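Residue numbers (the UniProt record's numbering): 1 to 565.
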């Protein structure tokens, strides 16, 4: 539409088409920009707004499809503008996944992002002398990579990283911009993230096999007749990452990335697998919530962490569990206190602008005062009024042994080792060994054995043995007469059941391993698990040695046990 005279020549119906499109486009931008003002916590405040935003974008997408020729001729619609709408819809689906934890919405985000690439919507951007358009393209690539990582599409991630690298090189050569270092950092982060996987599984033709680590149907020991367990359900999870120098991408550390997948089921597409972008109504929902709702908190301050904890606690439904996962640098007390209470053992780091030296906080406070930028065990006491399941992966995880169950509600803390053998590569940067065991126990086992690749056939054979091991651990937990009832209360939930079973397997593996000998080398728990009945059970030790023999690493495990085996 270029001038009054030209407008008069346009048929009224076509003019109305352009006007309607402009209205939908402006409305969609207005609603999308308003998303950042919504509270990040709470389940209800944002849903109606998301629904309206989805509705307008669905109309906009269908409208441009139905009237493409008129919009091309009369509005001058460019392909990058269509790509921009598709990218926004992809972002909407991704943020809806973050808000609901429904992995099906990741597939929908992937569907739109993939269409942008396949249809080359951003292809012409490089020919225009507008750096802000190129930045839109680069941001699209970064978002697409995040979605692919979460869907374990690792082959595509590698292709996208190569394409992004070429786009960044072209961008920095053509435009003298100040954000060159930022984009190079993005590339370095995603490359490190991809390389953080400690194991390559190979087919017979030496091609890599991608293994899903989400919960699959039949992927955990079932509840059997006669098992007396609680009916609690894991409803909410706070996943906190605040480790210095750990590999991360897009405010997601490798530990956070692994734990969030351990708390999700394998995604299924809401529409048919062959659906095209725009065919699915975005406000469709699965019949029931498949996954616990999650908050992902990257380097939160104490105030932020406590706000999210309080929101989760407030909205926790009846007969439900709140899980708190802390992957963070340890904060140690400045000196010994005369009385040892829940604020005298330190805890884990919360974010602050203070200097960090060699991974540990610089102590500048009076020794009698407690560390302020720290989540102490006592800070979690108010939340034990409801069922609480805590996982601490930190160099000061043992601070949380000094817990008190003040209100008689089910409470369990699973605590990582605090030291690792010096001969092993520092595990913290590429992700913690403890979290690796909770995410993929076989990968954790292979990692402590120094194995970095294996054949898919052997992997499957080892997994089959692990299924038997996990079944036996489940039997030990549910049949024990001395185990704390909290473990049985939580055992009815599939996610918590799997975490407890994997924790026991990790404990037994590390206790038998020759390199793990220091006092802080082993995971601990509150309340303590019965050692002789479960962790040091001869049947479980036999299973671990059987797995070691299968993988030809039995020399790494305790000799006296091997004699009995």
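Each residue gets a CB set at the ideal place from its N, CA and C atoms; glycine is no exception.
Quick caveat, the model's predicted, so the values are computed rather than measured.
Report task. With DSSP as the reference, please indicate the residues paired to residue 119 in a beta bridge. Result -> Per DSSP, none; premise fails for residue 119.
**Report entry** Contacts around residue 566, its chain only, beta-carbon distance under 8 angstroms, and the 5 residues preceding and following it disregarded
**Finding:** An answer regarding residue 566 cannot be provided, because it is not within the stretch 1 to 565 covered by the chain.
Query raised in the report: Since residue 251 and residue 298 are thought to touch, with beta carbons under 8 angstroms apart, how far apart are those beta carbons, to the nearest angstrom?
Result: Between residue 251 and residue 298 the beta-carbon gap is near 4 angstroms, inside 8 angstroms, which marks them as a contact.
Query raised in the report: Beta-carbon separation of residue 375 and residue 398 under 9 angstroms?
Result: no
Query - N- and C-terminal bounds of the beta strand (DSSP E) containing residue 347 - result: 347–349
Report task. Evaluate residue 386 with the Cβ neighbour count: other Cβ atoms within 10 Å of its Cβ, from every protein chain shown; 16 or more gives buried, anything less gives exposed. Result -> buried
Query raised in the report: Can we say the stretch 201–210 touches the stretch 250–264, given the rule of at least three CB pairs closer than 8 angstroms?
Result: no
Report task. Could you tell me which of 332, 325, 350 sits nearest to residue 342, measuring between CA atoms? Result -> 332
Requested in this report: Give the secondary structure of residue 468 by DSSP, where H, G and I count as helix, E and B as strand, and everything else as coil.
Outcome: Residue 468: helix per DSSP, three-state reduction.
Query - For residue 257, three-class secondary structure by DSSP - result: Three-state DSSP puts residue 257 in a helix.
**Report entry** Buried versus exposed, by CB contacts within 10 Å (16 or more), residue 479
**Finding:** Answer is exposed; the Cβ neighbour count stays below 16.
Query raised in the report: Do residue 292 and residue 101 have their C-beta atoms closer together than 9 angstroms?
Result: yes
Requested in this report: With DSSP collapsed to three states, give me the class of residue 95.
Outcome: helix
Query raised in the report: Going by DSSP, which residues form a beta bridge with residue 453?
Result: 200
Query raised in the report: Do residue 74 and residue 139 have their CB atoms nearer than 9 angstroms?
Result: no
Requested in this report: Could you tell me if residue 474 is buried or exposed, where buried requires 16 or more neighbouring beta carbons within 10 angstroms of its beta carbon?
Outcome: buried
Query raised in the report: Among 236, 24, 347, 267, which residue has its Cα nearest to the Cα of residue 317?
Result: 236
Query raised in the report: Looking at the unbroken beta strand (DSSP E) that takes in residue 295, where does it start and where does it end?
Result: 293–298
Query raised in the report: What do you reckon, are the CB atoms on residue 505 and residue 557 nearer than 9 angstroms?
Result: no
Report task. Keeping to the same chain, check which residues put their C-beta closer than 7 angstroms to that of residue 347; ignore five residues upstream and five downstream. Result -> 331, 374, 375, 376, 377, 396, 399
Report task. Reducing DSSP to helix, strand and coil, say where residue 243 ends up. Result -> Note: residue 243 maps to coil in three-state DSSP.
Report task. Can you give me the start and stop residues for the alpha helix (DSSP H) that residue 549 sits inside? Result -> 538–550
**Report entry** Alpha-carbon to alpha-carbon, residue 60 and residue 25
**Finding:** 7 angstroms
Requested in this report: Measure the Cβ-Cβ separation of residue 491 and residue 223 and say whether it is below 9 angstroms.
Outcome: yes
Requested in this report: Using three-state DSSP, classify residue 386 as helix, strand or coil.
Outcome: coil
Query raised in the report: Are the CB atoms of residue 93 and residue 108 nearer to each other than 9 angstroms?
Result: yes
Query - Span separating the alpha-carbon of residue 448 from that of residue 148 - result: Pairing residue 448 with residue 148, the inter-Cα distance amounts to about 28 angstroms.
Report task. Would you tell me roughly how many angstroms separate the C-alpha atoms of residue 32 and residue 502, rounded to the nearest one? Result -> 41 angstroms
Query raised in the report: Are three or more beta carbon pairs between the stretch 227–234 and the stretch 172–184 nearer than 8 angstroms?
Result: These segments do not touch.
Query raised in the report: Sorted by chain position, which residues of the same chain lie with C-beta nearer than 7 angstroms to residue 276's C-beta, five sequence neighbours on each side aside?
Result: With a pLDDT of 44 at residue 276, under the threshold of 50, the predicted position of this residue should be treated as unreliable, and no value is reported.
Query raised in the report: Can you tell which of 217, 134, 117 has the C-alpha that lies nearest to the C-alpha of residue 160?
Result: 117
Query raised in the report: Tell me the DSSP bridge mates of residue 393?
Result: Looking at the DSSP assignment, residue 393 forms a beta bridge with 327.
Requested in this report: Work out the CA separation of residue 114 and residue 518 for me, nearest whole Å.
Outcome: 50 angstroms
Report task. Ignore the nearest five residues each way along the sequence and tell me which others in residue 84's own chain have a CB closer than 7 angstroms to its CB. Result -> Counting only Cβ-Cβ distances below 7 angstroms, and skipping sequence neighbours, we find 136.
Query raised in the report: Which class does residue 320 belong to by DSSP, given the choice of helix, strand or coil?
Result: strand
Query raised in the report: Buried or exposed: which applies to residue 243, given that a residue is buried once 16 or more other Cβ atoms fall within 10 Å of its Cβ?
Result: buried
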